[in-house]
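Numbering follows the working numbering, with no gaps: position 74 of the sequence shown is 61.
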Amino acid sequence: QMEKSTALVLCGGLATRMDGKTKHLLPVSDSIKVLDLSLLPLLATPIKHLIFATGNHREEINAYMQSLRIKGYTVEEYYEPPEGTTKAVIGAIKSLKIQSSLFIQNGDDIIPGLDMVDYYTRHLMTGAKTSRVFTLKSNSGKIIKAEDITLINTLRIEKGHYYASGVIVLNA
């Protein structure tokens, strides 16, 4: 069932906190970008249909998309001028007529150790229409751990930590 799913990667915001430089394409090393690390858990799944919601830095992201096509992925672009995450997600779903389960991920969220296949299996077992992984971060931005949204109400958040959204799954 997961192989019929689609992934929507959000990577076209204004990058206002980064002086207009998109975090997705910042190099981590000579050959690795933030987007490479962000997509590692997703690319380890059977999902082969990827949609990149672009806005700013469209040309650079399209070049990255081409590298994934060479690796055998079906890759599409949904372009919309940056006006917020919700508008991009709704616009992509309506415009591209997505009718499969949908994984939504920010292109700059790096969640080390996330097993997307296990996450999706647990999502299906709950019977929920949507699930979300959150990352618990320290004020310095360091990820402490990733948690399923169903656990959020039972977790105690220590001073100096906050939750940031990770991956969202929506059923078809």
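Positions of the beta carbon are idealized from the N, C-alpha and C atoms, including for glycine.
By a beta-carbon distance limit of 8 Å, residue 43 does not contact residue 64. Their separation comes to about 13 Å.
With contacts defined by Cβ atoms closer than 8 Å, residue 91 and residue 104 do not form a contacting pair. In this model, residue -4 and residue 14 are separated by some 18 Å (Cα to Cα).
Residue 18 and residue 78 have their C-alpha atoms roughly 32 Å apart.
Within the model, the alpha-carbon separation for residue 111 versus residue 100 is close to 20 Å. The Cβ atoms of residue -9 and residue 54 do not sit closer than 8 Å to each other. Contact between residue 41 and residue 66 is confirmed by a C-beta separation of about 5 Å, below the 8 Å threshold. The C-beta of residue 0 has 16 or more other C-beta atoms within 10 Å across all chains shown, which makes the residue buried. Of all alpha-carbon atoms in 11, 68, 84, the one lying nearest the alpha-carbon of residue 51 is that of 11. By the 16-neighbour rule on beta-carbons within 10 angstroms, residue 97 is buried.
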